[in-house]
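In our numbering, the protein residues as written are 995 to 1497. Right, one structure below, let's go through it.
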Ligand SMILES: [Zn+2]
């Protein structure tokens, strides 16, 4: 056996061994090769040295059950997969895709005189990798209510819902008065951002806004592409909410307002849902449809507002017995004041549900209106004792017969104001009595009546209660009179009396 023939045999043995290695990849190949060589017979040491010098360690790359190729450096494949994963993660579009995990398998191998092209295998692997759609679930109170493209989208959707009910206050606005009134719920502002739009472009929510529900964004998972919801549509769906079916049976003592209060719905909703109700008439046993639309997410927000308010002038009533009951008189007109009040408002879905006054500062105090209110009650019944109806009186003609005629009373002059001789009710106050001119008769309701004639002016009306000493008219010269004076008569139980007996 020469060196040449031995070399051929060795080559043949190695070929055979290599084929076997390919068939039985993963075995301890070096030992297998040695065994084969030994079986071929002789020259063991030399063969071993030659094989070791030309044996190459490499890695088989498998996808699924398919052997894609062999590489010298598996990192080339791993890097190529990582690049592809990154491309997918950064891809636009409505749905994100991810490479299926664990689909590439490696097997270590060794072979004699192996030719490898890592790049070609990497390219082939790239073409054969399987992908799946991913998304994130929006979890509300432990229940998945939506699937969106990614976490950023989910965060943006949540921010949009908060901003819908509790928009961030304008940053530069320092005018407290302008800030005071905020619309209850603004319309959703432009939601036409693209999936790649930065969160900063979306309307911002008030920092205090929180959800009543427990809201979580799940880690991305494999999903069915058809589940992925467009963020704009999702915001609308969450705000529109779901229908909560409810029927209420009217019980004794119910009223529309009471039911609205008790069931926490608006009266409008009751009327809207139950158009059969007329004039608020409901009876026991009636079924009211109280079905409402409730948003899937409820937003609470807090806000502090400061506003200037008017302090209304109060009315201060001071009672006085210097004025008759029923008579009042403003002695000092009031004026409104001004104060700056700060409130803390708690809103639910944009509507104020609680209001707390945090501070108040009076700028201008209000000045109360002071009103005097009379308390004095004048009895319509006289005391039975008369006062002179004229101050500083001087009798010009007494009661009695004169020239064949009876002078029925006293004539007097003095202060021009004529006063009631006692409390009583005005029975007559006109010029209807012949000869008396403008005259007043007061019924003192105790049997007495007094008469005042020839007045220039009457200050009272029939039926009016007058008080002893009250000015009832002005002395005059009307009727059968010669010169200004008061003609005064006294009657008791319808009979004319001499005033001298009573004054
Ligand atoms: Zn007279």
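Yeah, the Cβ is synthetic: ideal placement off N, Cα and C, and Gly gets one too. Here the structure is a predicted model, which means the values were calculated and not measured.
Residues of its chain near residue i, where Cβ-Cβ distance is below 8 Å and the 5 sequence neighbours each way are ignored
i            : result
residue 1232 : 1139, 1140, 1151, 1155, 1289, 1290, 1291
residue 1215 : 1128, 1129, 1130, 1131
residue 1064 : 1052, 1053, 1054, 1055, 1103, 1108, 1110, 1115
residue 1455 : 1420, 1423
residue 1198 : 1153, 1157, 1161, 1162
residue 1315 : 1368, 1369, 1370
residue 1394 : 1400, 1401, 1492
residue 1274 : 1249, 1250
Rounded distance between the beta-carbons of residue j and residue i, thought under 8 Å
i            : j            : result
residue 1433 : residue 1449 : 7 Å
residue 1372 : residue 1313 : 16 Å between Cβ atoms; not a contact.
residue 1341 : residue 1297 : 7 Å
residue 1367 : residue 1317 : 7 Å
residue 1062 : residue 1122 : 6 Å
residue 1442 : residue 1484 : 7 Å
residue 1211 : residue 1143 : That belief does not hold up - the Cβ atoms of residue 1211 and residue 1143 are roughly 12 Å apart, past 8 Å.
residue 1339 : residue 1349 : 6 Å
residue 1303 : residue 1333 : 5 Å
residue 1452 : residue 1467 : 5 Å
residue 1097 : residue 1058 : 7 Å
Residues near residue i in its chain [Cβ-Cβ closer than 7 Å; skip 5 each side]
i            : result
residue 1418 : 1374, 1376, 1436, 1437, 1438, 1439, 1460
residue 1463 : 1381, 1413, 1414
residue 1185 : Unreliable positioning characterises residue 1185 in this predicted model, as indicated by a pLDDT of 34, which lies under 50. The coordinate reading is nonetheless provided below. Cβ neighbours of residue 1185 beyond the five flanking positions: 1154, 1226, 1229.
residue 1207 : 1134, 1135, 1291, 1292
residue 1099 : 1056
residue 1245 : 1278
residue 1125 : 1082, 1091, 1092, 1093, 1094
residue 1475 : 1431, 1448
residue 1120 : 1074, 1078
residue 1251 : 1261
residue 1177 : With a pLDDT of only 42 at residue 1177, under 50, the local geometry of the prediction cannot be trusted, and no value is derived from it.
residue 1497 : 1380, 1382
residue 1281 : 1241, 1243
residue 1237 : 1285, 1287
residue 1217 : 1127, 1128, 1129, 1141
Residue closest to residue i, alpha-carbon to alpha-carbon, out of the options
i            : options                : result
residue 1410 : 1212, 1480, 1086       : 1480
residue 1359 : 1387, 1072, 1329       : 1329
residue 1492 : 1445, 1367, 1363, 1264 : 1445
residue 1431 : 1336, 1473, 1405, 1452 : 1473
residue 1077 : 1092, 1456, 1086       : 1092
residue 1200 : 1218, 1220, 1159       : 1159
residue 1108 : 1302, 1294, 1428, 1051 : 1051
residue 1270 : 1080, 1283, 1392       : 1283
residue 1286 : 1365, 1494, 1267, 1490 : 1267
residue 1299 : 1164, 1399, 1307       : 1164
residue 1224 : 1403, 1321, 1148       : 1148
residue 1471 : 1489, 1405, 1397, 1490 : 1405
residue 1494 : 1209, 1392, 1276       : 1392
residue 1477 : 1425, 1426, 1488, 1408 : 1408
residue 1343 : 1058, 1096, 1205, 1048 : 1205
residue 1243 : 1234, 1363, 1254       : 1254
residue 1389 : 1378, 1398, 1403, 1397 : 1403
residue 1469 : 1364, 1387, 1220       : 1387
residue 1347 : 1295, 1426, 1220       : 1295
residue 1323 : 1067, 1365, 1066, 1218 : 1365
residue 1213 : 1146, 1259, 1425, 1235 : 1146
Own chain residues within Cβ distance below 6 Å of residue i, not counting five before or after
i            : result
residue 1421 : 1435, 1437
residue 1458 : 1420
residue 1353 : 1336
residue 1070 : 1112, 1116
residue 1321 : 1368
residue 1487 : 1441
residue 1026 : In this prediction, residue 1026 has a pLDDT of 40, which is less than 50 and means its spatial position is unreliable; what the coordinates show is noted afterwards. Hits under 6 Å: none found.
residue 1276 : 1244
residue 1378 : 1440
Heavy atom of ligand 3 within 6 Å of residue i beta-carbon
i            : result
residue 1445 : With respect to small molecules bound, the structure shown includes ligand 1 and not ligand 3.
Within-7 Å CB hit, residue i to chain C
i            : result
residue 1417 : Protein chain content of the structure displayed is limited to a single chain, and chain C is not contained in it.
Complete beta strand (DSSP E) runs within the stretch 1402 to 1488 (minimum length 3 residues, chain order): Segments of the beta strand (DSSP E) lying fully in the stretch 1402 to 1488: 1404 to 1407, 1411 to 1413, 1418 to 1424, 1432 to 1437, 1442 to 1449, 1465 to 1468, 1480 to 1486.
Beta strand (DSSP E) segments (min. 3 residues) lying fully within the stretch 1208 to 1267: Within the stretch 1208 to 1267, the complete beta strand (DSSP E) runs of at least 3 residues are 1209 to 1211, 1236 to 1238, 1241 to 1243.
Neighbouring residues (CB closer than 6 Å to any heavy atom of ligand 1): Spelled out in chain order, the answer is 1391, 1401, 1403, 1405, 1481.
Runs of beta strand (DSSP E) wholly within the stretch 1078 to 1138 (minimum 3 residues, chain order): Fully enclosed beta strand (DSSP E) runs of no fewer than 3 residues occupy 1090 to 1093, 1098 to 1106, 1125 to 1134 of the stretch 1078 to 1138, in order along the chain.
Any beta strand (DSSP E) of 3 or more consecutive residues that is wholly inside the stretch 1318 to 1342: Counting only runs of 3 or more, we get 1322 to 1326, 1331 to 1342.
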